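Colleague: Mapping of the sequence shown onto the numbering used here: residues -7 to 299, in sequence order.
Backbone N, C-alpha and C define an ideal beta-carbon position, used for all residues, glycine too.
Predicted, not measured: the structure shown is a model, and the values here were computed from it.
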Amino acid sequence: MVSILVPVYNTASYLRQCVQSLTGQTYRDLQIVLIDDGSTDGSLDVLKELARDDKRIEIYNKANGGVASTRNLLIGKSRGEWVLFVDSDDWIDPDTVECLLNAQSEGDYDIVSYKLSGESTDNKVVYNHDEIIKLFLEHTTFRGSLCDKLIRGSLFDGVFCDRSVGYGEDALIVWQVLQRVKSICLLDKTFYHYRVNMNSISRQSFNGKKFTAYTVWDTICRDVDEDMPQYRDIAYARFACEMTQILRAAALNGYKRDTSVEVLQEIVRRYGHLIRKTGISSSKMSLYAYLISRNYPLAKCLSRYTL
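(1) With DSSP as the reference, label L138 as helix, strand or coil.
(2) Do D85 and N56 count as a contact pair if the criterion is CB distance below 8 Å?
(3) Since Q96 is in the beta strand (DSSP E), which residue starts that stretch and which ends it?
(4) Give me whichever residues DSSP pairs with T251 in a beta bridge.
(5) Would you mind reading off the limits of the beta strand (DSSP E) that contains E50?
(6) Mind checking G158: buried by the 16 CB within 10 Å criterion, or exposed?
(7) Closest to E50 by CA distance: which of S175, Y19, V11 and G34 is it?
(8) Is it buried or exposed for N115, if we count other Cβ within 10 angstroms and need 16 for buried?
(9) Measuring alpha carbon to alpha carbon, tell me which residue in V169, C233, S275 and L14 is nearest E258.
(10) Excluding five sequence neighbours on each side, which residues of the same chain lie with their C-beta closer than 6 Å to the C-beta of Y6?
(11) In terms of residues, what are the limits of the beta strand (DSSP E) holding D46?
(12) So, using beta-carbon positions, are L93 and A227 closer together than 8 Å?
(13) Pull up the CB-CB distance for Y106 and I176, whole angstroms please, since I reckon it's below 8 Å.
(14) For A242 and I267, what's the separation of their Cα atoms in angstroms?
(15) Could you give the distance in angstroms between the alpha-carbon of R261 and the alpha-carbon of E98?
(16) Going by DSSP, what residue range makes up the beta strand (DSSP E) through V25?
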């Protein structure tokens, strides 16, 4: 059985397309779990209506507590041998689960990952544990999203995301899972249809929730310090890149310099030189990191330029 896990918050307009793409899968042995995180737009009513048409759908609701707490509950409700996350404003192709399971069976991989955008090919690449850890820390070819990965369910045992994290919680969950994998298959195929929803946290005007990405990468870097010192430079270079992007978003939206900004600036000042040293990002990113860590008002003027 495959458990498809869907966090829901104020996406009533998109839920039917999302859920119908799940119930319409060519692979039928599914557990479809949707948890409503205190929606105020009637999402729960839509879910109840959809659940009447398919017994594989399980609906739960809770007081609003953020996406991290919702993902924790979803993982706890999962009973499948395999787990697939889908966001409630997106949808997937009808043969997604079948194709991912077929790919998994070819090499007994712990995770089968795929592209979220772009043209599909028949190419695939297999990575062992050490290779995928390095690839994750570089965060270019293999990122922290949960929505592009079919993951062995047993890997979630004991996995928990800090409920205070309101942005980037996916990466923290994926990081914990990766500690247990033996091999991963990356497919050069696109099954997922991502909707640009201006109400999602990633699209909203800058707010304090995005600063919680600090907790995500601080945790990851502490783990690397303790268990994987060979990847320390890459981990902290990525920490600096991620905090630079948060600072850039804050500056672009006119967020005034405060203690949160200063904390992120200190991280970028301390580790920004590793961006150039490791080569995990562009020289433009390295220069911008240097500027924003030392002169936030200046970086605000430059924040409109693409990194």
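Modeller: Answer, in terms of the structure:
(1) Counted from its first residue, the sequence shown places residue 138 at position 146. Three-state result, L138: coil.
(2) The residue given as residue 56 occupies position 64 in the sequence shown. The residue given as residue 85 occupies position 93 in the sequence shown. Contact: no.
(3) Here residue 96 refers to the residue found at position 104 when the sequence shown is read from its first residue. That residue, Q96, is in no beta strand (DSSP E); its alpha helix (DSSP H) goes T88 to S97.
(4) Working through the sequence shown from its first residue, we reach residue 251 at position 259. Looking at the DSSP assignment, T251 forms no beta bridge with any residue, so it has no partner.
(5) Position 58 of the sequence shown, counted from the first residue, corresponds to residue 50. Unbroken beta strand (DSSP E) run through E50: I49 to K54.
(6) By one-based count along the sequence shown, residue 158 stands at place 166. By the 10 Å Cβ count, G158 comes out buried.
(7) The residue labelled residue 50 in the question sits at position 58 within the sequence shown. When only C-alpha atoms are compared, the closest one is V11.
(8) Within the sequence shown, the letter at position 123 stands for residue 115. Classification of N115: exposed, given that the 10 Å Cβ count is below 16.
(9) Translated into positions along the sequence shown, residue 258 becomes position 266. Closest by alpha carbon: C233.
(10) As a first step, residue 6 must be located in the sequence shown, where it is residue number 14. Excluding sequence neighbours, Y6 sits near D81.
(11) Residue numbering aside, residue 46 sits at position 54 when the sequence shown is read from its first letter. Neither: D46 is in no beta strand (DSSP E) and is coded neither H nor E.
(12) For the purposes of this step, residue 93 is taken as residue 101 along the sequence shown, with counting starting at 1. For the purposes of this step, residue 227 is taken as residue 235 along the sequence shown, with counting starting at 1. Against a cut-off of 8 Å, the Cβ pair of A227 and L93 comes out as no contact.
(13) The sequence position of residue 106 within the sequence shown is 114, counting from 1. The sequence position of residue 176 within the sequence shown is 184, counting from 1. Not quite, the Cβ-Cβ distance comes to about 11 Å (not below 8 Å), so this is no contact.
(14) The residue labelled residue 242 in the question sits at position 250 within the sequence shown. The residue labelled residue 267 in the question sits at position 275 within the sequence shown. Roughly 21 Å between the two C-alpha positions.
(15) Along the sequence shown, read from residue 1 onward, the residue named residue 261 stands at position 269. Along the sequence shown, read from residue 1 onward, the residue named residue 98 stands at position 106. Answer to the nearest angstrom: the Cα atoms are 46 Å apart.
(16) In the sequence shown, counting from the first residue as 1, residue 25 sits at position 33. L22 to D29 is the extent of the beta strand (DSSP E) around V25.
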